[in-house]
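**Student:** After the structure tokens below, expect a handful of questions from me.
Residue numbers (the numbering used here): 12 to 431.
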């Protein structure tokens, strides 16, 4: 089934959060019947109902698949849920919201994936295109659903699309003109089951590229699928300008963005302008405030161990008070201990607090159980001295105490801004 075959079709959208809602809104203009399902019975789907989407909330029932020709799955919906598994058993096509958008959009796509740095690199690439006077849209996992661009993006715009492993699970035709893999480290093992399965999902970004496309990968990275021209990058590459955003990991992001931008035809002058002026994005090594010589930094997007290691490496000359914890992803926390310098301290919160504390105290890292973000910040404020850094870099998901990492970071920011 192609995008042009949607007329007369019956489509089921599973998951009605941000991307599912956008997919349903796009589909209702093209398909004969669109059914939207979400487990959350309290979800407000008034706008979708007004547009003509049939809303079903609550328990999953396979009867929802009756008469359905296509299933579109939101990234937060695991593939083993009854409705998705039932659809596959019936031989129904299952597309991700990204797959739907890729089929409907004629624009060239620059896809960005990796374990860490995706949002920063995607937004930096957007800044590079704008500095070069080129029309661009930034979408995907960064927050703006790809399908929201259908019928709104100008035909000559490039689409920079941040792609998570969840979004890449169910793509069939997505073939980015340029595809970027920033890095690969254990993450989302709780969803994918194994690191190998997670890595396989990430590498799908390259599968359907052809010889005229570019595949951007870290220097020395192993084999990748697809037939694209391979281009490598490293953090010590010579760049048109030094990036404004701090940290060695951000220099790697800048190097990857530079290679990708060049492959899309951007000149070095535009790339340099973006590197010099791009200030980063919220929740990623975001300086919230400096108070009495102490810097307060929000890296709520550090939702895995690898990201927190990068955050800790960003402050080599300062004593760091780092707030860790949340809902774990079945990762070991022992690697964190080696990143703590003498004098650094940890404050642990959330469901994973005990596991993190056990791993760090075994390595003689000072750890203080705090329970909540508010308590952890209060303890860190009391202990911090001028030239220190108080860093939120949890190494965990946020879903035990917050709706998402944005809410966690916003809460941290608000608490810091209220400090007298």
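From the three backbone atoms N, C-alpha and C, an ideal C-beta is built for every residue, glycine too.
Say whether the stretch 307 to 318 touches the stretch 153 to 162, bearing in mind that this needs 3 or more beta-carbon pairs closer than 8 angstroms, one atom from each stretch.
**Tutor:** No: fewer than three Cβ pairs fall under 8 angstroms.
**Student:** Please name the residue or residues paired with residue 156 in a DSSP beta bridge.
**Tutor:** DSSP output for residue 156 lists no bridge partner at all.
**Student:** Quick check: what's the CA-CA separation for residue 415 versus residue 337?
**Tutor:** When rounded, the distance between both Cα atoms is 11 angstroms.
**Student:** How long is the line joining the alpha carbons of residue 405 and residue 192, rounded to whole angstroms?
**Tutor:** Going from the Cα of residue 405 to the Cα of residue 192 covers about 23 angstroms.
**Student:** Tell whether a beta-carbon distance below 8 angstroms holds between residue 371 and residue 334.
**Tutor:** Result no, Cβ atoms of residue 371 and residue 334 do not sit closer than 8 angstroms.
**Student:** Three or more C-beta pairs under 8 angstroms: does that hold for the stretch 131 to 148 against the stretch 175 to 187?
**Tutor:** Not touching, per the Cβ criterion.
**Student:** Under 8 angstroms, with one C-beta from each stretch per pair, do the stretch 248 to 263 and the stretch 111 to 124 reach the 3-pair mark?
**Tutor:** Taking 8 angstroms as the limit for Cβ pairs, the verdict is that the stretch 111 to 124 does not touch the stretch 248 to 263.
**Student:** Just how far apart, CA to CA, sit residue 63 and residue 43?
**Tutor:** Taking the straight line joining both Cα atoms gives about 10 angstroms.
**Student:** May I ask you to report which of helix, strand or coil DSSP gives residue 310?
**Tutor:** Coil.
**Student:** Residue range of the alpha helix (DSSP H) that residue 416 falls in?
**Tutor:** Residues 416 to 428.
**Student:** Which residues in the same chain as residue 217 place their Cβ atom closer than 8 angstroms to its Cβ, once the five residues preceding and following it in sequence are excluded?
**Tutor:** These residues qualify, in order along the chain: 190, 192, 226, 235, 236, 237 and 239.
**Student:** List the DSSP bridge partners of residue 107.
**Tutor:** Answer by DSSP bridge pairing, in chain order: 84.
**Student:** What did DSSP end up calling residue 55 once you bin it into helix, strand or coil?
**Tutor:** Residue state, collapsed to three classes: coil.
**Student:** Mind checking whether residue 265 and residue 135 have CB atoms under 8 angstroms apart?
**Tutor:** Yes, these two residues count as a Cβ contact at 8 angstroms.
**Student:** Tell me, which residues are paired with residue 351 by DSSP?
**Tutor:** DSSP, once it has assigned bridges, lists no residue as partnering residue 351.
**Student:** Do you know how far the Cα of residue 293 is from the Cα of residue 427?
**Tutor:** Distance between the alpha carbons of residue 427 and residue 293 is about 15 angstroms.
**Student:** In the DSSP output, which residue or residues are listed as bridge partners for residue 334?
**Tutor:** Note: residue 334 sits in a beta bridge opposite 358 and 403.
**Student:** Taking 8 angstroms as the threshold (C-beta atoms), are residue 181 and residue 106 in contact?
**Tutor:** In contact: residue 106 and residue 181 (Cβ atoms closer than 8 angstroms).
**Student:** Starting from residue 49, trace the beta strand (DSSP E) both ways and give me its first and last residue.
**Tutor:** Counting along the chain, the beta strand (DSSP E) containing residue 49 begins and ends at 44 to 49.
**Student:** For the putative contact between residue 261 and residue 194, defined by C-beta atoms under 8 angstroms, what is the C-beta separation to the nearest angstrom?
**Tutor:** Rounded, the Cβ-Cβ distance is 12 angstroms, inconsistent with contact.
**Student:** Would you identify the three-state DSSP class for residue 174, choosing helix, strand or coil?
**Tutor:** If DSSP states are grouped into helix, strand and coil, residue 174 belongs with coil.
**Student:** Could you tell me the boundaries of the beta strand (DSSP E) in which residue 381 lies?
**Tutor:** 378 to 382 is the span of the beta strand (DSSP E), which, as asked, contains residue 381.
**Student:** Any heavy atom of the ligand SAM closer than 7 angstroms to the Cβ of residue 141?
**Tutor:** Ligands are entirely absent from the displayed structure, and the ligand SAM is therefore not among its contents.
**Student:** Please classify residue 165 as buried or exposed, where buried requires at least 16 neighbouring CB atoms within 10 angstroms.
**Tutor:** Result: exposed.
**Student:** Determine the direct distance from the alpha carbon of residue 39 to that of residue 97, and round the result to whole angstroms.
**Tutor:** Going from the Cα of residue 97 to the Cα of residue 39 covers about 23 angstroms.
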